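J.: In my numbering, the protein residues as written are 39 to 562.
Have a look at the structure that comes next, please.
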C-alpha cells in the first residue's frame, strides 16, 4: 500500500470555522457564591454554556438564589435539579422541585432539564406556560447499559412526545461498540439532541459530538470533578482534542488497547494534526473484542488505528491485507481503513524499538553493520511487541532468547526466530555471557504497578543495555535498577516516538514532524 493511497480521503485544512456543538460545563457547588465563581471560571476556560446543578446546593432559597445565578452568570444557562432516582442529589418533594424549575424559566433561564419520568407531571404543573426563550430538555439516563437501536429510537420518540425542544439521553457503555448505536441515533435525529454514552468505553461519544451533529457535550472544569462517568475536561476538549475544529468530514483515528487511558498517542497526533492542518481527531479506544470493534466501525470515517497491548496479534487476523514484515512478525500495531473499506495492517514497533536500541549501543564511533550483530538479545514477553523485537533483533544479526511466563509461548516464538526459550522464572539465573541486551515487552512495571519488575537487580549486571517498552512511567523500576547496575538504558519513550513517525506518515501521507514529537514527549 502506498502512503498516497492511504490518504486520498484525508481532508486538509482546519480553518473551516467553529462547529455549532456547544461545550457545557456542569456547575456543582454548595453555595450560590461558589457557583457564580465557577461560572466565571467556565467562561475563562472556554465553555459556551453552564449546567447549574441545583441539586448539589446545600440549601436553596429558590427566588433570590436562582435570580442571582441568572443575573451573575456570564454564559447562557441550563438549570437541572436532578432527583436521587435519576442519579442526582435532590431528595425532596416533586412540587418544590417543579416550582424551582418553573421559577428558573420565568427568571430567564435559557434551558431547563426535566427527566422523562417526570415530564408529564411537570407539563401539567406549568400548564404549558413556558417562556419562548427557554428551551425544554427532556432527559433519560440509563446507568446499566445501552439499549438496542430500536429501543433507543423508541426512547427518542417518547422524549419528543413529552414536549421536548431538545432530546437528551445518556446510556452506559459495557462495550465500545455500544457507542455506534448512539452515534447513529444522533446523526439521524430530526430535532436537537444530546446523546452521551457514560464510562471509559463511551468517551468517544463525548468527543465526536460535532461530527455527528449533537447539540452539546459536557466538559468539566477540573479532572475528576464530573457530573457523570467519563466526562473529559474543557481543557482536554479544546486543547487536546481540537474539539472546535471537528466537523462532519473529520476522520477518526485512535489507539486500541486494554488498558489504554495511559497512552500519550492522542497528545502526539492531535497536536501534529492541528499544526499540519489535517482534519482528523485521535482518541483513546478501550476495546474488549477487536473483531467486533472493526466489524462495527467499518466506515472509512474511522480511518486509522494504533494498536497496543493486548490486541496486536488478534488485530492482524482482522486485516484484509497485511504488510509482509507484519505477517512475518505475527502482529500489527498500525491499521488503516482504505477507501474501499478494506483494512490494511503493518508493524512499526520493530523499527522504533530496534533503532532506539542501536542508537543506545553506539559509542560515537562509526561502525559497519548493526551494533546488535552477534549479541545475545533477551526478549521478555512473547506477545505482539515481543514478536516485533525478536524479529527485528534477528534481522540485525543478534542471537535471540525469549523469556515468557508461559514456556509454550516462549518456545513457539523462539522456534520462529531460531532462538532459545526460557520461562520468566529462569531468567534470574540465565547469564551465559556478559554484554547481553535485555528488552522488556510486557506490562510488568507499568502504572499503576510501578514497583513490579521482571528480573532481579542482581541479574542485570550481565547486560550491556536494558530496554523497556513501557513509557508510563518513563523510568520503570527495571530501568532504574539497570542504571544502578551499570547498564545503558533505553526508555519506552524512544520506541514510542520511533514507531509513531512511520504511523503518522501512513495516516496522513505527510512527513512526520520529528522535532515536534520529541518536544511533546520531552515532558514525560
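Where is the CB? At the ideal position from N, CA and C, for every residue including glycine.
Computed from a prediction, not measured in an experiment: that's the story for all the values here.
Span of the alpha helix (DSSP H) holding residue 307?
T.: Translated into the one-based positions of the chain shown, residue 307 becomes position 269. Run containing residue 307: 303 to 314, per the alpha helix (DSSP H) assignment.
J.: The alpha helix (DSSP H) that contains residue 151, what's its start and end?
T.: Locating residue 151 in the chain shown gives position 113, counting from the first residue. Note, residue 151: premise wrong, no alpha helix (DSSP H); beta strand (DSSP E) at 149 to 153.
J.: Taking the straight line between their C-alpha atoms, what separation do you get for residue 520 and residue 492?
T.: Position 482 of the chain shown holds residue 520. Position 454 of the chain shown holds residue 492. Taking the straight line joining both Cα atoms gives about 12 Å.
J.: Here's the rule: buried if 16 or more other CB atoms are within 10 angstroms of the residue's CB, otherwise exposed. What is residue 464?
T.: Here residue 464 is taken as the residue at index 426 of the chain shown, counted from 1. Exposed is the call here.
J.: Alpha carbon to alpha carbon, how far is residue 68 from residue 97? Give it in angstroms, no decimals.
T.: Against the chain shown, residue 97 aligns to sequence position 59. Against the chain shown, residue 68 aligns to sequence position 30. Distance between the alpha carbons of residue 97 and residue 68 is about 8 Å.
J.: Relative to the C-alpha of residue 528, which residue among 185, 446 and 397 is closest?
T.: In the chain shown, residue 528 corresponds to position 490, counting from 1. Minimum Cα distance to residue 528 is reached at 397.
J.: With distances taken from CA atoms, which of 169, 268 and 201 is nearest residue 217?
T.: Taking the first residue of the chain shown as position 1, residue 217 is located at position 179. Per the Cα distances, 268.
J.: What number of angstroms, rounded off, separates the C-alpha of residue 329 from the C-alpha of residue 359?
T.: Indexing the chain shown from 1 puts residue 329 at position 291. Indexing the chain shown from 1 puts residue 359 at position 321. If I take the Cα positions, the gap works out to 15 Å.
J.: State the beta-bridge partners of residue 289 as determined by DSSP.
T.: By 1-based counting over the chain shown, the position of residue 289 is 251. Bridge partners of residue 289: 318.
J.: Exposed or buried, which one is residue 199 when buried takes at least 16 other CB atoms within 10 Å?
T.: Working through the chain shown from its first residue, we reach residue 199 at position 161. It counts as exposed.
J.: Once DSSP output is grouped into helix, strand and coil, what is the label at residue 269?
T.: Position 231 of the chain shown, counting from 1, holds the residue named residue 269. DSSP places residue 269 in coil when its eight states are reduced to three.
J.: What does the alpha-carbon distance come out to for the pair residue 367 and residue 234?
T.: Here residue 367 corresponds to residue number 329 of the chain shown, with the count starting at 1. Here residue 234 corresponds to residue number 196 of the chain shown, with the count starting at 1. The straight-line gap from Cα to Cα measures roughly 39 Å.
J.: Give the secondary structure of residue 177 by DSSP, where H, G and I count as helix, E and B as strand, and everything else as coil.
T.: In the chain shown, residue 177 corresponds to position 139, counting from 1. Residue state, collapsed to three classes: strand.
J.: I'd like to confirm the pairing. Which residues does DSSP put opposite residue 442 in its beta bridges?
T.: Within the chain shown, numbered from 1, the residue matching residue 442 stands at position 404. Residue 442 pairs with 461.
J.: Note down the Cα distance separating residue 147 from residue 128, rounded to an integer number of angstroms.
T.: Counted from its first residue, the chain shown places residue 147 at position 109. Counted from its first residue, the chain shown places residue 128 at position 90. Using only the alpha carbons, I get a separation of about 20 Å.
J.: Give me, in chain order, the residues of the same chain whose beta-carbon lies closer than 7 Å to that of residue 224; leave out the 5 immediate sequence neighbours on both sides.
T.: Taking the chain shown and counting its residues from 1, the one referred to as residue 224 is at position 186. Contacts found: 231, 233, 250, 251 and 252.
J.: Can you tell me whether residue 536 is helix, strand or coil according to DSSP?
T.: Position 498 of the chain shown, counted from the start, is the residue given in the question as residue 536. Of the three classes helix, strand and coil, the one that applies to residue 536 here is helix, per DSSP.
J.: How is the beta strand (DSSP E) around residue 342 delimited, first residue to last?
T.: Looking up residue 342 in the chain shown gives position 304. It spans 340 to 345 - the beta strand (DSSP E) in which residue 342 sits, taken as one unbroken run.
J.: Does the region 455 to 471 come into contact with the region 433 to 443, if we say contact requires no fewer than three beta-carbon pairs (one atom in each stretch) closer than 8 Å?
T.: Flag = yes, the region 455 to 471 and the region 433 to 443 touch.
J.: Along the chain, where does the beta strand (DSSP E) that runs through residue 115 open and close?
T.: On the chain shown, position 77 is the one that residue 115 refers to. Where residue 115 is concerned, the enclosing beta strand (DSSP E) stretches over 115 to 118.
J.: Taking buried to mean at least 16 other C-beta atoms within 10 Å of its own C-beta, is residue 184 buried or exposed?
T.: Position 146 of the chain shown, counted from the start, is the residue given in the question as residue 184. By the 10 Å Cβ count, residue 184 comes out buried.
J.: From this set, 334, 561, 409 and 422, which residue's C-alpha is nearest residue 345's C-alpha?
T.: For the purposes of this step, residue 345 is taken as the residue at position 307 of the chain shown. Nearest option by C-alpha distance: 422.
J.: Report yes if the CB atom of residue 369 is closer than 8 Å to the CB atom of residue 418, and no otherwise.
T.: Mapped onto the chain shown, residue 369 falls at position 331. Mapped onto the chain shown, residue 418 falls at position 380. No, Cβ-Cβ distance for residue 369 and residue 418 is not below 8 Å.
J.: Taking 8 Å as the threshold (beta carbon to beta carbon), is residue 290 in contact with chain D?
T.: Any reference to chain D falls outside this structure, which holds one protein chain only.
J.: Which whole runs of the beta strand (DSSP E) in the region 205 to 260 are 3 residues long or more, in chain order?
T.: Correct list: 231 to 236 and 254 to 256.
J.: Residue 303 and residue 293: beta carbons closer than 8 Å?
T.: Stepping through the chain shown from its first residue, residue 303 is reached at position 265. Stepping through the chain shown from its first residue, residue 293 is reached at position 255. In contact: residue 303 and residue 293 (Cβ atoms closer than 8 Å).
J.: How long is the line joining the alpha carbons of residue 557 and residue 393, rounded to whole angstroms?
T.: Working through the chain shown from its first residue, we reach residue 557 at position 519. Working through the chain shown from its first residue, we reach residue 393 at position 355. Straight-line Cα distance between these residues: approximately 19 Å.
J.: Please classify residue 378 as buried or exposed, where buried requires at least 16 neighbouring CB atoms within 10 angstroms.
T.: Position 340 of the chain shown holds residue 378. Residue 378 comes out exposed.
J.: Leaving out five residues before and five after residue 46 in sequence, what residues of the same chain have Cβ atoms less than 7 Å from its Cβ?
T.: Residue numbering aside, residue 46 sits at position 8 when the chain shown is read from its first letter. Note that residue 46 has pLDDT 30, beneath the 50 cutoff, so the model's placement of it is unreliable and no number is given.
J.: Helix, strand or coil for residue 417 per DSSP?
T.: Along the chain shown, read from residue 1 onward, the residue named residue 417 stands at position 379. Note: residue 417 maps to strand in three-state DSSP.
J.: By alpha-carbon positions, which one of 552, 343 and 222 ends up nearest to residue 191?
T.: Here residue 191 corresponds to residue number 153 of the chain shown, with the count starting at 1. It is 222 whose Cα lies nearest to the Cα of residue 191.
J.: Roughly how many whole angstroms lie between the Cα atoms of residue 549 and residue 334?
T.: The count along the chain shown starts at 1 and reaches residue 549 at position 511. The count along the chain shown starts at 1 and reaches residue 334 at position 296. When rounded, the distance between both Cα atoms is 31 Å.
J.: Taking one C-beta from the region 102 to 120 and one from the region 156 to 163 each time, how about it: are there three or more such pairs within less than 8 Å?
T.: They do not touch, by the three-pair rule.
J.: For residue 241, collect the residues of the same chain with a Cβ closer than 6 Å to its Cβ; drop the 5 residues on either side in sequence, then sort them by chain order.
T.: Looking up residue 241 in the chain shown gives position 203. Around residue 241: 268.
J.: As a quick exercise: from 203, 58 and 554, pick the residue whose alpha carbon is nearest that of residue 307.
T.: In the chain shown, residue 307 corresponds to position 269, counting from 1. The shortest C-alpha separation from residue 307 is found at 554.
J.: What number of angstroms, rounded off, separates the C-alpha of residue 322 from the C-alpha of residue 144?
T.: Taking the chain shown and counting its residues from 1, the one referred to as residue 322 is at position 284. Taking the chain shown and counting its residues from 1, the one referred to as residue 144 is at position 106. Their Cα atoms are separated by approximately 42 Å.
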